[in-house]
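**Q** Quick note on our numbering: the sequence shown kicks off at 20 and runs consecutively.
Virtual Cβ for every residue (Gly too), placed ideally from N, Cα, C.
What you are looking at is a predicted structure, and each value in this text was computed from that prediction instead of being measured.
Dumping the structure here so I can ask a few things about it.
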Amino acid sequence: MIDFAHPALLFVLGAVPIPFLKDPIRRIYLVLVPLLGLLAVVTMQLGSYGATQFLGQDILIARVDKLSIVFATVFAIMALIGTVYALHLSHPGQHVAAFVYVGSSLGVVFAGDYLTLYLFWEIMAFASAYLVFAQGGQRAIGAGFRYLMVHVTGGVVLLGGIILHGHSTGSLLFGPIGEMGTGTYLILAGFLLNAAVPPLNAWLTDAYPEATVTGAVFMSAFTTKTAVYVLARAFPGTELLVWLGTAMALYGVVYAVLENDCRRLLAYHIVSQVGYMVAGIGIGTEMAVNGATSHAFAHILYKSLLFMGAGAVIYVTGRRKLTELGGLYKSMPVTVALYMIGAFAISAFPFFSGFVTKSMVIAAAGEDHRALVVLALTMASSGTFLHTGLKLPYYMFFGTDRKLQAREPPANMLVAMAMAAVLCIAIGVFPQPLYALLPYPVDFEPYTGSHVTESLGILMFTALGFILFLRALDPENTISLDTDWFYRKGARAFMWFAEKPLARYEQAVSNASETAALPLLNRAARAGLRIDVVAVDGVVNGVAHSILRGGGALRRLQTGVVTHYALAMIVGVIAATVILAVAWR
């Protein structure tokens, strides 16, 4: 690996010195590492690196091709943006966890075998969980434990699938999976959990709103998109993914209607937008995979911008519920403007990144003659604009003035938001550099008269509906129930079972053993001791005394006279001959 600098190691090892550095050296260092990581990604050559053997299996630490390059590029860009956004933090713990999180995500992207992938996959789960725990408080700690338990369970499922797949194929190299079997279904389930495919999605909307302001920005960018990458690598063209992705796109939009927490609303739109990517991978054509990949690239940037905007509001006001926000456009005009760029991008407005990438997925579904998928994804796009582009900014920045004391967030947070906003516009206006990164040649033109007119018509009709039904969209201070209800209730039932019936059974067994079993065992032990002392020790001592007496007799026979020894040998030979003769007869 002399000609290849693994960017994952730059971040993971680069996290080690952070706690020992003081400002301003620490801030310079924090920005320098992502810059070096981005440089390592854009200058690396295609090929395979770090081939070795482990337990008789071929291991490939890094495989660099166009699919891994496009994901690694946006991951490195996002690492830089997220680090700039977090520069104001004085505590090094979140910086360390974020660097390990980014590094492990890059390790997954370049993994050429399942063992390497699994190692980085698990590191990613634990590093990201810290960003939830770091918020502190009962809600965050509870959400962090649930997040960790779900991902540990998913990791066990993934490991089981890897073992079965390796046993059936004889190889652990990571690539497209052909015939489906038990092992491959388990691998798919592990990937789908990280992609937040319903009903395996509740960990995302449960944990992301409880993470730290800066931690949620990193989490919105990496976990689900590494899952999109591994699905694109291993399961392109899997029909099941088409319908799961389509359902995701609608599921997230529907649940966003019910949300009052600004970051929980944005989290549900992660589920919705990842649905486009999963559906594109399921369609499996070159255009569809390009669309899914490019949409992941754009989504990381605009979704992080949206989380940064919401995080800025939480940072300066301490509020996150829409029913408690409003009137902030006067004191936070720059934040409002930057947030709206992200809102236009996710809503697929022309000349913003989402228009280019989302359109490619929908067009690929149309080319594959999937009218129902096209309709569902178009409806989901309209719902995204309704909630992320209209409802959330209206009630958070405009609407009823709550007289909150607010100001613009620290300069580093605004700079990070501006970086993401510039890229959202640049991709929408000049998509060719992104096209050049995609795994297949691109033959798609989003800016046709009919497409632009159609998209603007849908968006304007959605805006009209928002105006007409504004009162019906007023947020309510309620909590919506998702599939996390099942494991929350299941955990409570398990704890009740452990604390009541199981504990009582254990106490009853303990009491029975103390009153009946233990006295019986004590009597048996005393009887055994007597047998040991009287019988066993008697036999052993008798044998020992016999051996000692025999040895003494032998010592007396050893006179040292050669003739005596010769006579004894003659007597022995005669005796042996007699015995042999008798036995022979």
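Phe371 by DSSP, collapsed to three states: which one?
**A** Here Phe371 sits in coil by DSSP.
**Q** Since Arg523 is in the beta strand (DSSP E), which residue starts that stretch and which ends it?
**A** No beta strand (DSSP E) contains Arg523, which is instead part of the alpha helix (DSSP H) from Pro520 to Ala531.
**Q** Which of the three DSSP states, helix, strand or coil, is assigned to His292?
**A** A small correction: the amino acid at residue 292 is Gln; His does not occupy that position in the sequence shown. Three-state DSSP puts Gln292 in a helix.
**Q** Looking at the structure shown, is Thr192 part of a helix, part of a strand, or coil, going by DSSP?
**A** Before going on, a small fix: residue 192 reads as Leu here, not Thr. Strand, per DSSP.
**Q** Quick check: the Cα distance between Met20 and Ala27, rounded to an integer number of angstroms?
**A** Low confidence applies to Met20: its pLDDT is 43, below 50, so where it sits in the model is not reliable, and the reading given next is rough at best. The straight-line gap from Cα to Cα measures roughly 13 Å.
**Q** If you draw a straight line from the alpha carbon of Ala431 to that of Val50, how long is it in whole angstroms?
**A** Note on identity: in this sequence residue 431 is Asn, with Ala being the wrong assignment. Whole-angstrom Cα-Cα distance: 12 Å.
**Q** Tell me whether the beta-carbon of Met63 lies closer than 8 Å to the beta-carbon of Val83.
**A** Yes; because the gap between Cβ atoms is below 8 Å, this pair is in contact.
**Q** Alpha carbon to alpha carbon, how far is Phe488 from Ala482? Give it in angstroms, no decimals.
**A** Roughly 10 Å separates the two Cα atoms.
**Q** How would you write the range of the beta strand (DSSP E) that Arg421 sits in, first residue to last?
**A** First-last for Arg421: undefined, no H or E at that position.
**Q** Quick check: Thr245 and Val380, are their CB atoms within less than 8 Å of each other?
**A** No; because the gap between Cβ atoms is not below 8 Å, this pair is not in contact.
**Q** Less than 8 Å between the C-beta atoms of Phe210 and Leu134, yes or no?
**A** Contact flag unset, no.
**Q** At what residues does the beta strand (DSSP E) containing Phe73 begin and finish?
**A** Taken as a continuous stretch (DSSP letters only), the beta strand (DSSP E) holding Phe73 covers Gly66 to Phe73.
**Q** At what residues does the alpha helix (DSSP H) containing Arg82 begin and finish?
**A** Note, Arg82: premise wrong, no alpha helix (DSSP H); beta strand (DSSP E) at Gln76 to Val83.
**Q** Taking C-alpha atoms, which residue in His288, Ser147 and Val353 lies nearest to Leu167?
**A** For the residues His288, Ser147 and Val353, the minimum Cα distance to Leu167 belongs to Ser147.
**Q** Identify the continuous alpha helix (DSSP H) that holds Lys349 and give its terminal residues.
**A** Premise fails: Lys349 is in no alpha helix (DSSP H) and is neither H nor E.
**Q** Please state whether DSSP places Asp132 in a helix, a strand or coil.
**A** If DSSP states are grouped into helix, strand and coil, Asp132 belongs with the strands.
**Q** Indicate whether the contact test is met: 3 or more Cβ pairs, each with one atom in the region 359–372 and one in the region 434–448, closer than 8 Å.
**A** Yes: the two stretches touch, three or more of their Cβ pairs being nearer than 8 Å.
**Q** Which value, in whole angstroms, describes the spacing of the CA atoms of Gly202 and Gly189?
**A** Each residue's alpha carbon lies about 12 Å from the other.
**Q** Ser529 to Ala544, Cα distance in whole Å?
**A** Rounded to whole angstroms, Ser529 to Ala544 spans 20 Å at the Cα level.
**Q** Could you give the residue range of the alpha helix (DSSP H) that holds Gln451?
**A** First-last of the alpha helix (DSSP H) with Gln451: Gln451 to Leu456.
**Q** Can you check which of these residues, Asp77, Ala24 and Leu86, is closest to Leu57 by C-alpha distance?
**A** Closest option to Leu57, Cα to Cα, is Ala24.
**Q** Under a three-way DSSP split, which group does Lys340 fall into?
**A** If DSSP states are grouped into helix, strand and coil, Lys340 belongs with the strands.
**Q** Can you tell me where the alpha helix (DSSP H) holding Ala266 begins and where it ends?
**A** Start and end: Glu258 to Val276.
**Q** Grouping DSSP H, G and I as helix and E and B as strand, with all else coil, what is Asp15?
**A** Summary: the structure shown does not reach residue 15, with the chain confined to residues 20 through 604, and so no result is reported for it.
**Q** Which of the three DSSP states is assigned to Asp503 in this structure?
**A** The answer is helix: DSSP assigns Asp503 an H, G or I state.
**Q** Measuring CB to CB, does Phe363 end up less than 8 Å from Gly408?
**A** A contact, by the Cβ cut-off of 8 Å.
**Q** I need the DSSP call for Asp280, collapsed to helix, strand or coil.
**A** Of the three classes helix, strand and coil, the one that applies to Asp280 here is strand, per DSSP.
**Q** If you compare alpha carbons, which of Phe30, Phe152 and Ser67 is closest to Ile78?
**A** The option with the nearest alpha carbon to Ile78 is Ser67.
**Q** Are Phe326 and Ala399 closer than 8 Å when you measure CB to CB?
**A** The answer is no: Cβ separation not under 8 Å.
**Q** Mapping DSSP to helix, strand and coil, what is Ser147?
**A** The answer is helix: DSSP assigns Ser147 an H, G or I state.
**Q** For Lys10 versus Ser239, is the C-beta distance shorter than 8 Å?
**A** The question about residue 10 has no answer here: the residues shown for the chain are numbered 20 through 604.
**Q** How long is the line joining the alpha carbons of Gly112 and Pro38, rounded to whole angstroms?
**A** If I take the Cα positions, the gap works out to 7 Å.
**Q** Does the Cβ-Cβ distance between Val17 and Gly385 come in under 8 Å?
**A** The displayed coordinates of the chain run from 20 to 604. Any statement about residue 17 would go beyond what the structure contains.
**Q** Out of Thr257, Arg158 and Val232, point me to the one whose CA is closest to Glu617's CA.
**A** Not covered by the structure: residue 617. The range shown for the chain is 20 to 604.
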